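This report refers to the structure that appears directly beneath it.
Numbering (the numbering used here), first residue to last: 1340 to 1437.
Structure, rendered in structure tokens:
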């Protein structure tokens, strides 16, 4: 069984935008699905997206846990330890996003 060693990095955050991937919005890129960093609230695109901004954010700034930003989903992923959380450890449950 895999264990996440990064739970101390979790913060009570809100997504920094509800418009889409912050980095794709800035560069004119596109995304498939969105993830919210559970340390700072950065909204980035998933690894199925061309630029993989959520995992780049995790690696670049050391914020390894992100939860799904998708409506009706309640899970999170630790990029560093490759651990899936269902439900998300944010404790916020399923959210409806615009």
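Cβ coordinates follow ideal geometry from the N, Cα and C atoms, glycine included.
Since we're looking at a predicted model, the values are computed, not measured.
Judged by DSSP secondary structure, residue 1407 falls within the beta strand (DSSP E) whose first and last residues are 1404-1407. Look at residue 1352 here: in three-state DSSP terms it is coil, with no helix or strand label. Proximity to residue 1418 across 1374, 1432, 1429 peaks at 1374, based on C-alpha coordinates.
Taking residue 1420 as the centre and dropping the five residues before and after it, the same chain places the C-beta of 1341, 1342, 1343, 1344, 1345, 1403 closer than 8 angstroms to its C-beta, in chain order. Residue 1419 sits in coil when the DSSP states are folded into three classes, being neither helix nor strand.
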